[in-house]
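All residue numbers for the sequence shown refer to my numbering, where the first residue is 35 and numbers rise by one. Virtual Cβ for every residue (Gly too), placed ideally from N, Cα, C. Let me begin by presenting the structure, written as structure tokens, before commenting on it.
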Amino acid sequence: MWEDQGENITETILNMGDHLKSAKENQDLLNDSVNKLDSSPAVQFQQALGQLKLALEPLLGVIASIVGKIAEWAKNNPTLVATITAIVTTLGILLGIMMGLAPIFTALSVAAGALRVSIGAIATPVLIVIGVITALISIGVALWKNWDTVRKKASEIVGEYQNFLQ
35 MWEDQGENIT
45 ETILNMGDHL
55 KSAKENQDLL
65 NDSVNKLDSS
75 PAVQFQQALG
85 QLKLALEPLL
95 GVIASIVGKI
105 AEWAKNNPTL
115 VATITAIVTT
125 LGILLGIMMG
135 LAPIFTALSV
145 AAGALRVSIG
155 AIATPVLIVI
165 GVITALISIG
175 VALWKNWDTV
185 RKKASEIVGE
195 YQNFLQ
């Protein structure tokens, strides 16, 4: 090894002082970079989250215990849990429908304000149309379900009318 690299080894040992000086400068630059990183908002936020986790560990244990008890209760009462879930789901759907209708109600309010009339004056025609459509659908369903009775009664009425005309 000495025969092949002897000259390189000797030069390295002789110039070691220059390299140590540059190593110290490099270490100082590295320390400055680390200090800049530690003062960055992202690093400070991460450290704050770590400290918050340590501070909240006792509370998280209590919360986990309560959640465990609720899960045990749910396991022992599946019918009641299913009912509660159905009610909450229905409320969520209704809330979603109301959120979807909110722009319509807002537009009606703006229109009422612009026309200087009450909301009822604007909403009444809309509600009447909805009522008429609902009534027509209900009548159609009733006719469809009782078609045999309706046809029989219509035949009786037509027969009586024909007898009256003769």
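Collapsing the DSSP output to three states places residue 197 in a helix. Counting along the chain, residue 151 sits inside no alpha helix (DSSP H), nor does DSSP assign it H or E at all. Secondary structure note for residue 49: it is in no alpha helix (DSSP H), with a DSSP letter that is neither H nor E. For residue 111, the secondary structure class from DSSP, reduced to helix, strand or coil, is coil.
Pairing residue 184 with residue 177 gives a Cβ-Cβ distance under 8 angstroms. The alpha-carbon separation between residue 68 and residue 78 amounts to approximately 13 angstroms.
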